[in-house]
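Notes follow once the structure below has been shown.
Number of protein chains: 2
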Amino acid sequence: MRQVDIDTKMKFLHGLSNKTRIQILESIKEDEKTVSQIVQDINGNQSNISQHLSCLKGCGLVVGRQDGKYVYYRVRNQLVRDLLTMVDVVLEDVEKDVACCDSHVE
Amino acid sequence: MRQVDIDTKMKFLHGLSNKTRIQILESIKEDEKTVSQIVQDINGNQSNISQHLSCLKGCGLVVGRQDGKYVYYRVRNQLVRDLLTMVDVVLEDVEKDVACCDSHVE
DNA sequence: TCATCATATTAGCAATAACTAATATGTATG
DNA sequence: CATACATATTAGTTATTGCTAATATGATGA
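Right, dumping it as structure tokens:
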């Protein structure tokens, strides 16, 4: 396996480290949305969401396209979608594992 | 797909949001190590590494076992290992994608 | 071209997180 | 039971991040 540059990797993972950003990703995981739709969707602040979208774009997690006065954002591709799904799957597994097996260690 | 609690998810993802923690995970991805081995391995500070290990344990990403005066840490299980691998895979794909297709958008 | 609407950017403040040094806990061994 | 060593915890400081409000940019259409 090739070695991925750690700083590039951190920049990428940084995209997943904030609640609002995760909410955005969940919101647009299946279909693209305009900024204002996202703002409504997750009940956020326009400036804030815009900044987070810019961050997510910088991380490569989402892409945007302008259509008239709207900008539509979507998750970059299926692989990124798969990664998001995998996070949920692994988390669920870990939760189960912790519940049953870590009790005596705590 | 079941809806994962967002705050639980954030706690989990927080484990992946720091460079030192990622270095730790990479260091113990294949085989377990003691705290001091990890400290050496990534050239870190004992207190700092210990705190990060505690964080990673809290996130469910790693587990520790005491053996005499040593504590061995390892990545929790194969699924977590797979997730770490997947991050690298997706990142690599995104990098390639950005390099070839996002230039005119930047 | 002016007014309006969608989005982006900036600046300043508030909240979190990370780091270091010092100290505490706990395990082994003479 | 005293000493040494491995790890954990705490406290204080610094650095990073996120938020909000205000303003700027850029597109549309009267």
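In order, the protein sequences belong to chains S and V. The numbering of the first sequence is the numbering used here, which starts it at 1 and goes up by one. The numbering of the second sequence is the numbering used here, which starts it at 1001 and goes up by one. Even for Gly, the Cβ is constructed at its ideal location relative to N, Cα and C. Model, not experiment: these values are computed from the prediction.
With fewer than 16 other Cβ atoms from the protein chains shown falling within 10 Å of its own Cβ, Ser-1054 of chain V counts as exposed.
Under DSSP, Gly-64 of chain S shares a beta bridge with S:Tyr-73. Interface annotation for the stretch 1019-1032 of chain V against chain S: Lys-1019, Ile-1022, Gln-1023 and Glu-1026, criterion Cβ-Cβ distance under 9 angstroms.
Fully enclosed beta strand (DSSP E) runs of no fewer than 3 residues are not present anywhere in the stretch 12-63 of chain S. Flagged as an interface residue toward chain V: Asn-77 of chain S, by a C-beta distance shorter than 8 angstroms. Per DSSP, reduced to three states, the secondary structure at Val-1080 of chain V is helical.
Between Arg-81 of chain S and Lys-19 of chain S, the beta carbon gap of about 19 angstroms keeps them out of contact (Cβ cut-off 8 angstroms).
Taken in chain order, the members of the stretch 1047-1060 of chain V whose beta-carbon sits within less than 7 angstroms of a beta-carbon on chain S are Gly-1060. Nearest CB-CB separation between Lys-69 of chain S and chain V: not below the 8 angstroms threshold.
Between the stretch 1032-1042 of chain V and the stretch 71-80 of chain S there are fewer than three inter-stretch CB-CB distances shorter than 8 angstroms, so the stretches are not counted as touching.
Measuring C-alpha to C-alpha distances from Gln-1023 of chain V to each of S:Ser-27, S:Ile-6, S:Val-94 and S:Gln-46 identifies S:Ile-6 as the nearest.
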